[in-house]
Amino acid sequence: MSDLATLYERNAAFAAGFDQGDLPIKPGLSTLILTCVDARVDPAHYAGLDLGDALTLRNVGARVTDAVGLEVAMLWALMSMASGTTPEIELVIIQHTQCGMARFALPEVAEKVTARFGTSAVVETYGIPDLNETLAGDVERLRSNPTVPRELKVSGHIYDIATGRLSEVVSTQTLG
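Residue numbering for the sequence shown follows this note's numbering, beginning at 115 and increasing consecutively.
Following this line, the structure appears as structure tokens:
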């Protein structure tokens with residue numbers, strides 16, 4: 115059974131009072147958030163974002179992958195071309211407690227995932243053995259990615275599912 119009808123009903127209610135069709139493409143905040151797809155983790159809620167406030171990327175585990183590096187570089191290029199200046203963007207990586215990707219770091223699960231996908235790369239890319247170490251490692255993945263601009267500012271944070279609080283793990287730093 116599909117929930118599509120529910121989504122359209124909710125959209126109709128949203129659209130009935132919609133008056134923000136003229137928002138600029140440039141976000142109000144100089145922030146690009148990378149966070150997890152987990153339904154309990156929505157930056158519009160836990161960071162109080164409104165439409166047009168921030169750019170948001172979501173993937174499994176809020177992990178820095180080659181695709182994320184490419185998307186960050188593309189957004190940087192678009193903003194640079196649109197403004198004619200170096201963008202002032204901070205990539206805010208927000209991982210969270212109780213993430214399913216922590217299971218990928220368990221040896222018995224890692225073995226099954228590796229067998230299923232025929233490579234350990236999935237576990238190495240998405241597994242989260244320790245949130246603090248993973249966030250620091252993801253910043254280093256960005257730093258070692260040649261397509262990501264050196265001027266990009268990056269920080270790493272943990273959203274606590276139980277308390278709703280954000281905490282900083284990796285302070286803001288420029289990649290260059």
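Ideal placement from N, C-alpha and C gives every residue a C-beta, glycine not left out.
Let me check understanding here. Comparing Cα to Cα, which of the options lies closest to residue i?
| i | options | result |
| --- | --- | --- |
| Ile-275 | Gly-166, Arg-154, Leu-137, Val-186 | Arg-154 |
| Leu-146 | Leu-137, Glu-225, Ala-158 | Ala-158 |
| Gly-290 | Val-227, Thr-261, Leu-143 | Thr-261 |
| Trp-190 | Thr-179, Val-223, Pro-263 | Pro-263 |
| Met-215 | Gly-135, Val-174, Asp-133 | Val-174 |
| Ser-269 | Ile-139, Thr-149, Lys-140, Gly-131 | Thr-149 |
Roughly how far, in whole angstroms, is the beta-carbon of residue i from the beta-carbon of residue j, given that I think they are within contact range, below 8 Å?
| i | j | result |
| --- | --- | --- |
| Ile-207 | Asp-252 | 6 Å |
| Leu-137 | Leu-169 | The Cβ separation is near 13 Å, so there is no contact. |
| Ile-272 | Leu-245 | 5 Å |
Buried or exposed for residue i, going by 16 or more other Cβ atoms inside 10 Å?
| i | result |
| --- | --- |
| Arg-177 | buried |
| Val-237 | buried |
| Leu-192 | exposed |
From the DSSP output, which residues share a beta bridge with residue i?
| i | result |
| --- | --- |
| His-210 | Tyr-273 |
| Thr-149 | Arg-172, Ile-208 |
| Leu-280 | Tyr-273 |
| Lys-267 | Glu-204, Thr-288 |
Output the distance between the C-alpha atoms of residue i and residue j, rounded to the nearest integer angstrom.
| i | j | result |
| --- | --- | --- |
| Thr-233 | Val-227 | 8 Å |
| Thr-288 | Arg-257 | 9 Å |
| Tyr-160 | Gln-212 | 16 Å |
| Glu-254 | Glu-265 | 14 Å |
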